[in-house]
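Residues 0 to 387 (numbering that gives the first Met the number 0) make up the sequence shown, in order.
Glycine residues also receive a C-beta, built at the ideal position from the N, C-alpha and C atoms.
Notes follow the structure.
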Amino acid sequence: MASISEIFWTFLRLGFIAFGGPVAHLGYFRRWFIDERGWLDDAQYAQIIALCHLLPGPSSSQTGFAIGLHRAGLFGALAAFIGFTLPAAIIMIGLGIGLTHWGVIDQTGWIQGLKLAAIAVVANAIYGMARTLCPDMRRASIAIIAALGASLLPGIAGQMAMIAIGAVIGLRFLSASATPTEALKSPLTRAQGGLVLGLFALALIVSGIANITEDSLWAVLYQSGALVFGGGHVVLPLLETGLVAPGLIDNDRFLAGYGAAQAIPGPIFSFAGYLGAQIFPNHALSAGLIALIVIFSPGMLLVAGLMPFWQTLSQYQPAQQALAGINATVVGLIAAVLWNPLLTVGIQSLIDALIALGALVALMRFRIPVYWVVAACAIGNELLIRFV
Numbered sequence: 000m001a002s003i004s005e006i007f008w009t010f011l012r013l014g015f016i017a018f019g020g021p022v023a024h025l026g027y028f029r030r031w032f033i034d035e036r037g038w039l040d041d042a043q044y045a046q047i048i049a050l051c052h053l054l055p056g057p058s059s060s061q062t063g064f065a066i067g068l069h070r071a072g073l074f075g076a077l078a079a080f081i082g083f084t085l086p087a088a089i090i091m092i093g094l095g096i097g098l099t100h101w102g103v104i105d106q107t108g109w110i111q112g113l114k115l116a117a118i119a120v121v122a123n124a125i126y127g128m129a130r131t132l133c134p135d136m137r138r139a140s141i142a143i144i145a146a147l148g149a150s151l152l153p154g155i156a157g158q159m160a161m162i163a164i165g166a167v168i169g170l171r172f173l174s175a176s177a178t179p180t181e182a183l184k185s186p187l188t189r190a191q192g193g194l195v196l197g198l199f200a201l202a203l204i205v206s207g208i209a210n211i212t213e214d215s216l217w218a219v220l221y222q223s224g225a226l227v228f229g230g231g232h233v234v235l236p237l238l239e240t241g242l243v244a245p246g247l248i249d250n251d252r253f254l255a256g257y258g259a260a261q262a263i264p265g266p267i268f269s270f271a272g273y274l275g276a277q278i279f280p281n282h283a284l285s286a287g288l289i290a291l292i293v294i295f296s297p298g299m300l301l302v303a304g305l306m307p308f309w310q311t312l313s314q315y316q317p318a319q320q321a322l323a324g325i326n327a328t329v330v331g332l333i334a335a336v337l338w339n340p341l342l343t344v345g346i347q348s349l350i351d352a353l354i355a356l357g358a359l360v361a362l363m364r365f366r367i368p369v370y371w372v373v374a375a376c377a378i379g380n381e382l383l384i385r386f387v
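Rendered as C-alpha cells:
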C-alpha cells in the first residue's frame, strides 16, 4: 500500500504537467499508476472510470480521488485530490485576485483572445465527445433534441429536464455495454457509504433552498458540482446560468476565467477558485478556497459513498442504458452553450471569427497542445489591438 505522502507528491507532480483536459488526464493516470507503479490493474482502473463517468462531477478528479481511496483509504483519497488540484487552484485564484486589481478588462485584447480560445476549446470538445458518445443516429438525435431544448428552455431547470429526457430515451431505446466485474477496495461499509450519500443529498437540498431565496455563489457551485454530467466543459452552462444571468459576475470576466482555465494543467473545475476570488474580492483567497471545496465536494462524496455499492451497480443494465442517453444529452447541452453565449457574445468581428476558427483548426487538424493555442490567442489578439 502506498503511503499518504507518496500519493500526495505523485499527484502533485501530475497536477503540474496534466495538460489537455479530462481525457488526457486519464491517459496520464494509466501510465503512472498501472504501467509505472502497479497501484492497480487495468480491470480495476476500467471499473473506476466506469463509476466516475456514471456519476455527475469532474470525472478525472473523481478518478484520481477513487485511485487514492482504493490505494490508501480516505486519507489517500484526500491526498490525491489536494495534490492534483493544488497547482491549478493557485493559478486560478491568483488570476482572480490579479484581475480584480487590474480593474476594468472589457477592452483588454488578451482577455478577448482568451474568450476566442474558449470557443475553439469547447467546439473541439464537442467534436471529440460526439464521436465517442453519439456514434449512431439514435444518440445523435438525443444530442440534437437536447441542444434545441436547452436553447428553447434556458436555465438550469431546462438543462435538468433535457438530462431527464435523455435518461428516459436511453432506458427505452439504447443498449448497455459490458462492464468489468473485478472488485474495488473501499474503506467504507455499505452503511457508511449510505451515510455519505445522505450527506450529499442533504447538502443538495439545502443548496436548492438557498438558491431559491437568494442568488448564492455557494449554492450554484454545489448544484453545478452535483448535477453536471461529463466533466469540466459541461459545467460551463450551469455556472453561466447561475452566476452571469443574476449579475454575480459579468460575462467578460466569466469567459476570460474559463478561457484561462484551458491553458493550465489540472482540473477545469479549478475555475471555481477564480469565480470565488472575483465575486468576493475583499476575501479573495478564502473565497477562492471555499469555492473549490464546494464545487468539488459533491462529486467526491458520491465516489466515496457509492464505491461500496459499485460491484452490484456496475452490473445493473438499466443504469448503463440511462447513462448512454445522458452522455448524448451532454453533447447537446454543450453545443447549446457554444452557440449562446460563446459565439453570440464572443464573436464581435470578422477578425474574431477568423482567430477562433484558426484556433479550432490548430486543435483539431494539427493537434497543437491546448495551452499553446490559448496563449497564442491571448497574445495575438493583444498585439492586434495594440498595433493594428
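Please look up how many angstroms separate the CB atoms of residue i and residue j, rounded, as I've assumed it's under 8 Å.
i, j, result
"I47", "I66", "7 Å"
"L183", "M306", "6 Å"
"G95", "G287", "6 Å"
"P266", "P57", "5 Å"
"A117", "Q261", "6 Å"
"I384", "G108", "3 Å"
"L322", "G169", "7 Å"
"A1", "W38", "6 Å"
"V369", "G258", "The pair is not a contact, with the Cβ atoms about 11 Å apart (cut-off 8 Å)."
Given a cut-off of 7 Å on the beta-carbon distance, is the pair residue i and residue j in contact?
i, j, result
"F18", "P264", "yes"
"L274", "A255", "no"
"E143", "T328", "One point to set straight first is that residue 143 is Ile, not Glu, in the sequence displayed. No, Cβ-Cβ distance for I143 and T328 is not below 7 Å."
"L341", "N123", "no"
"F15", "F83", "no"
"L50", "W217", "no"
"A79", "F64", "yes"
"S150", "A335", "yes"
"F228", "P55", "yes"
"K114", "G345", "yes"
"G165", "G324", "yes"
"L132", "N339", "no"
"V302", "Q43", "no"
"I125", "I378", "no"
"Q316", "L173", "no"
"L203", "S223", "no"
"L220", "I294", "yes"
"G391", "C376", "What the structure shows of the chain is the stretch from 0 to 387, and residue 391 is not part of that stretch, so it cannot be assessed."
"P186", "G304", "no"
"I141", "F74", "no"
"A146", "G331", "yes"
"L359", "A119", "yes"
"A76", "L85", "no"
For residue i, count neighbouring Cβ atoms within 10 angstroms of its own Cβ and tell me buried if that reaches 16, exposed if not.
i, result
"N281", "exposed"
"D251", "buried"
"F365", "exposed"
"T240", "buried"
"R138", "buried"
"T343", "exposed"
"R388", "It is not possible to answer for residue 388, since the shown part of the chain is limited to 0 through 387."
"A190", "exposed"
"G26", "exposed"
"F279", "buried"
"W371", "exposed"
"I6", "buried"
"T180", "Note that T180 scores 46 on pLDDT, short of 50, meaning its location in the model is unreliable; the coordinates nonetheless yield the value given after this. Exposed: under 16 other Cβ atoms inside 10 Å."
"M128", "buried"
"A177", "A caution first: A177 carries a pLDDT of 46, below 50, which makes its placement in the model too unreliable to give a value."
"S206", "buried"
"V233", "buried"
"I110", "buried"
"H100", "exposed"
"A283", "buried"
"S285", "exposed"
"A156", "exposed"
"F386", "exposed"
"I248", "buried"
"R70", "buried"
"L337", "buried"
"L13", "buried"
"N380", "buried"
Please confirm if residue i has its CB atom under 7 Å from at least one CB of chain C.
i, result
"T328", "Although the question refers to chain C, the structure presented lacks it and comprises just one protein chain."
### Query
If you scan the region 20-70 from start to end, which runs of the alpha helix (DSSP H) of 4 or more residues do you find wholly inside it?
21-29, 41-53
### Query
If you pair each beta-carbon of the region 74-91 with each one of the region 333-351, do three or more pairs fall below 8 Å?
no
### Query
Which runs of the alpha helix (DSSP H), 4 residues or longer, sit entirely within the region 220-256?
234-238
### Task
At 4 residues or longer, and completely inside the region 131-157: list those alpha helix (DSSP H) runs for me, N to C.
136-151
### Query
Going along the chain, which unbroken runs of the alpha helix (DSSP H) with 4 or more residues stay wholly within the region 309-384?
309-312, 316-336, 349-363
### Message
So within the region 275-315, which uninterrupted alpha helix (DSSP H) runs reach at least 4 residues, ignoring any that extend past its ends?
### Response
283-305, 309-312
### Query
Going along the chain, which unbroken runs of the alpha helix (DSSP H) with 4 or more residues stay wholly within the region 67-91?
none
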